[in-house]
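In our numbering, the protein residues as written are 1 to 94.
Input: a single structure, listed below in structure tokens.
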């Protein structure tokens, strides 16, 4: 389970780095999540911040495809990584 968390965090950090380098989305992300520059500069981002990064990315399929295309990542890995971070467990509705 620790490996899943570590891999999930690594992918989320990659997405965070991409967001930081993508000015047209960075401001939207910061406004939507309440994250500030200090949060983004942290040497080890909080797991909750990393979860919010993936939640934000998954708000728009175009953003997912844009990141995945530039990073060479399979789009399905985004949701898989989100499941490995805080709050990522899927609810059972029955």
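For glycine and all other residues, C-beta sits at the position ideal for the given N, C-alpha and C.
| query | Where are the alpha helix (DSSP H) runs, 4 residues long or more, that stay fully inside the region 1–46, in chain order? | reply | 2–20, 23–33 and 37–41
| field | Segment limits, alpha helix (DSSP H) that includes residue 65 | value | Here the alpha helix (DSSP H) through residue 65 covers 61–71.
| message | If distances are taken between C-alpha atoms only, which option among 51, 33, 36 and 59 comes closest to residue 14? | response | 51
| message | Please report whether the beta-carbon of residue 67 lies at a distance below 8 Å from any beta-carbon of chain D. | response | Chain labels in this structure do not include chain D; a single protein chain is all it has.
| Cα separation between residue 32 and residue 73? | 24 Å
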